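Asker: I have a structure here, written as structure tokens, and I will follow up with some questions on it.
In the numbering used here, the protein residues as written are 32 to 257.
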């Protein structure tokens, strides 16, 4: 396959696990090996769509569903809602492996940026028979992202929210979250992966390396710099 300047997203899906993937960047003809890590879709709980509910996900991180706010194939849904999901610790050593793509994002004005994450939440909603559910049009769920103490002092008061576009393999800016104590709190209108990130300019650097003995010329190395 041909890989463009912004790479190509390779995704993987398995029952019982969250959507995952890897963005491959390659500048030469050859073979590359990628490692995709899928996170377990933990059973968070279930609730009746008419009542709404609040669930803890992990480490001071939670989701709140309002009453009568669930849809099935675009139509209002009444019945049991099964919630699975997980949280990614932004300070974890393997955070980049757990990320469903990479830390490249697209702002509302189309600018491409590099993201500095303060935490990610993945949520999936399903019926008892396994059909995918979503938040109804005009409704929102509240997400609370627990911020690890190691980075709390660096957290801005307001931060953009980003959802992961699974078809394009990129984070897309949508809304914002507000810092309250040691949590970011924001509202979302649909579910996949959500991320609290500070955007940094994308800097592309082209480097030429020359070996004095073999005269090896390596060009076009793409480097992301924050």
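Glycine is no exception: its CB is placed at the ideal position from the N, C-alpha and C atoms. Given the structure is predicted, the values throughout are model-derived calculations rather than measurements.
Is the region 192-212 touching the region 157-166 in the sense that three or more CB pairs, one from each, lie closer than 8 Å?
Answerer: No, the region 157-166 does not touch the region 192-212.
Asker: Between the Cα of residue 51 and the Cα atoms of 58, 191, 40, 85, which residue gives the shortest distance?
Answerer: Nearest option by C-alpha distance: 40.
Asker: Bridge partners of residue 137, per DSSP?
Answerer: DSSP, once it has assigned bridges, lists 143, 203 as partnering residue 137.
Asker: Taking Cβ to Cβ, would you say residue 82 is nearer than 8 Å to residue 101?
Answerer: No, the pair does not count as a contact, with Cβ atoms beyond the cut-off.
Asker: Which first and last residues belong to the beta strand (DSSP E) in which residue 71 is found?
Answerer: Neither: residue 71 is in no beta strand (DSSP E) and is coded neither H nor E.
Asker: With which residues is residue 149 paired in a DSSP beta bridge?
Answerer: DSSP output for residue 149 lists no bridge partner at all.
Asker: What are the boundary residues of the beta strand (DSSP E) that residue 228 is part of?
Answerer: Element bounds for residue 228: 224-232.
Asker: In terms of alpha-carbon separation, which member of 229, 222, 216, 106 lies closest to residue 93?
Answerer: Looking at the Cα atoms, 216 is the closest of the given residues.
Asker: Whose C-beta lies closer than 6 Å to the C-beta of residue 128 among residues of the same chain, with five residues either side of it excluded?
Answerer: The answer, listed in chain order, is 68.
Asker: Can you give me the C-alpha to C-alpha distance between residue 135 and residue 42, rounded to a whole angstrom?
Answerer: Computed Cα separation, rounded: 15 Å.
Asker: Between residue 213 and residue 111, what straight-line distance do the alpha-carbon atoms span, to the nearest angstrom?
Answerer: Distance between the alpha carbons of residue 213 and residue 111: 32 Å.
Asker: Cα-Cα, which of 77, 227, 46 is closest to residue 188?
Answerer: Checking every option, the nearest Cα to that of residue 188 belongs to 227.
Asker: For a minimum of 4 consecutive residues, which ranges assigned as the alpha helix (DSSP H) are wholly contained in the region 160-207?
Answerer: As far as the region 160-207 is concerned, its whole alpha helix (DSSP H) runs of at least 4 residues are 180-183.
Asker: Could you round the C-beta distance between residue 153 and residue 91 to whole angstroms and report it? I think they count as a contact, below 8 Å.
Answerer: Not really, about 17 Å apart at Cβ, beyond 8 Å.
Asker: Helix, strand or coil: how does DSSP classify residue 128 here?
Answerer: Of the three classes helix, strand and coil, the one that applies to residue 128 here is helix, per DSSP.
Asker: Within 10 Å of its beta-carbon, does residue 234 have 16 or more other beta-carbons around it, so buried, or fewer, so exposed?
Answerer: It is exposed - the Cβ of residue 234 has fewer than 16 other Cβ atoms within 10 Å.
Asker: Could you say which of 115, 99, 116 lies nearest to residue 109 if we only look at CA atoms?
Answerer: The residue with the shortest Cα to Cα distance from residue 109 is 99.
Asker: According to DSSP, is residue 122 part of a helix, a strand, or is it coil?
Answerer: Of the three classes helix, strand and coil, the one that applies to residue 122 here is coil, per DSSP.
Asker: Which residues does DSSP list as the beta-bridge partners of residue 157?
Answerer: Its beta-bridge partners are 113, 163.
Asker: Based on the DSSP output, what are the partners of residue 48 in its beta bridges?
Answerer: Bridge partners of residue 48: 71.
Asker: Taking C-alpha atoms, which residue in 46, 58, 49 lies nearest to residue 33?
Answerer: With distances taken between Cα atoms, residue 33 lies closest to 58.
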